[in-house]
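S.K.: This note's numbering applies: residue 16 is where the sequence shown begins, and numbers increase by one.
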Amino acid sequence: MTWVWLLLIVFVAYLVQAITGFGGALLSLPLVILLVGFDDARLLTTALSLVTGLIVSSTHYRQINKKKLGLILLVMAVGTAFGMILDRLLDARFLILLYGVITVLLAIIRLLPKRQESRSPTPFFLFGILLLAGIMQGLFVAGGAFLMIYAIYEFPDKTEFRATSSAVWGILNIFMMIVYGYSGRINTGNLKLVAICIPVVLAMIFLAEKIQARIKQAVFAKLTNVLLLASGLILLVSY
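(1) Are the Cβ atoms of residue 152 and residue 115 separated by less than 8 Å?
(2) Using only the alpha-carbon positions, how far apart do residue 255 and residue 31 sit?
(3) Is the stretch 44–63 touching the stretch 180–194, taking contact as three or more C-beta pairs under 8 Å?
(4) Compare the Cα-Cα distances from residue 90 to each of 164, 148 and 26 and report the closest residue.
(5) In this structure, how does DSSP classify residue 200 when only helix, strand and coil are distinguished?
(6) Can you find the residues in the same chain that come closer than 8 Å, C-beta to C-beta, to residue 111, ignoring five residues on each side of it along the sequence?
(7) Taking CB distances under 8 Å as the criterion, tell me whether residue 22 reaches chain B.
(8) Decide if residue 252 is buried, meaning its Cβ has at least 16 other Cβ atoms within 10 Å, or exposed.
(9) Could you compute how far the alpha carbon of residue 77 sits from the alpha carbon of residue 176?
(10) Which of the three DSSP states, helix, strand or coil, is assigned to residue 136?
(11) DSSP three-state label for residue 271, please.
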């Protein structure tokens with residue numbers, strides 16, 4: 016039964032990522048942690064986000080904003096490295112609790128009515144958002160929520176954001192998998208998890224390409240945030 020739940024969670028979460036350009040790890044990690052444990056869950060979501068990101072970005076290569084991609088990668092790489100250093104220093108149970116709290120807070124914030132901003136954010140603010148996205152990526156493989164805040168100001172074209180953010184996850188997660196391998200976190204158990212889930216992710220990417228143009232983004236965004244809130248609450252209750 017565990018495998019059924021795991022594959023269902025992966026399908027829903029990475030369908031969201033393939034359609035929007037973010038959210039796969041953010042949605043799936045709280046629940047996958049409960050099924051397979053913290054370390055295996057992070058490696059699994061890293062590998063699946065890598066595959067999803069590379070396939071979607073290569074399929075929509077012409078929509079990638081190369082200049083912004085370079086800037087995002089530069090700043091987020093620094094944050095990701097810092098997040099992975101923090102991961103070595105902090106206790107796993109504390110990280111799980113912290114992740115659950117952050118997930119719930121982000122979901123609530125994203126469900127609140129949006130205010131119309133009267134002025135553009137400063138470069139310092141945008142830099143800070145990208146740095147936080149990188150730290151979240153390094154700790155939890157879940158920098159998408161902060162990258163989405165950046166996108167509100169810098170990516171008015173949602174197609175461009177989807178392609179560019181997918182490239183970000185593909186490239187950053189290659190780096191993270193190398194670090195995981197070097198630190199001895201990759202083993203036959205979590206590689207088996209990845210191998211079982213990859214076919215589901217490939218099917219989901221194909222489905223996303225077929226249905227994304229037909230989905231009302233506002234309704235889809237609300238549903239995604241409700242799922243995010245639910246997954247965070249389940250993790251906290253189970254903690």
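Even glycine gets a Cβ: it sits at the ideal position worked out from N, Cα and C.
M.R.: In this structure, then:
(1) no
(2) Lying outside 16 to 254, the shown extent of the chain, residue 255 is not represented and no answer is given.
(3) yes
(4) Among 164, 148 and 26, the Cα nearest to that of residue 90 belongs to 148.
(5) In the structure shown, residue 200 falls within a coil segment according to DSSP collapsed to helix, strand and coil.
(6) 48, 53, 250 and 254
(7) Checking the listed chains, one finds no chain B in this structure; it contains a single protein chain.
(8) exposed
(9) 12 Å
(10) coil
(11) Nothing in the structure corresponds to residue 271, since the chain is present only between 16 and 254.
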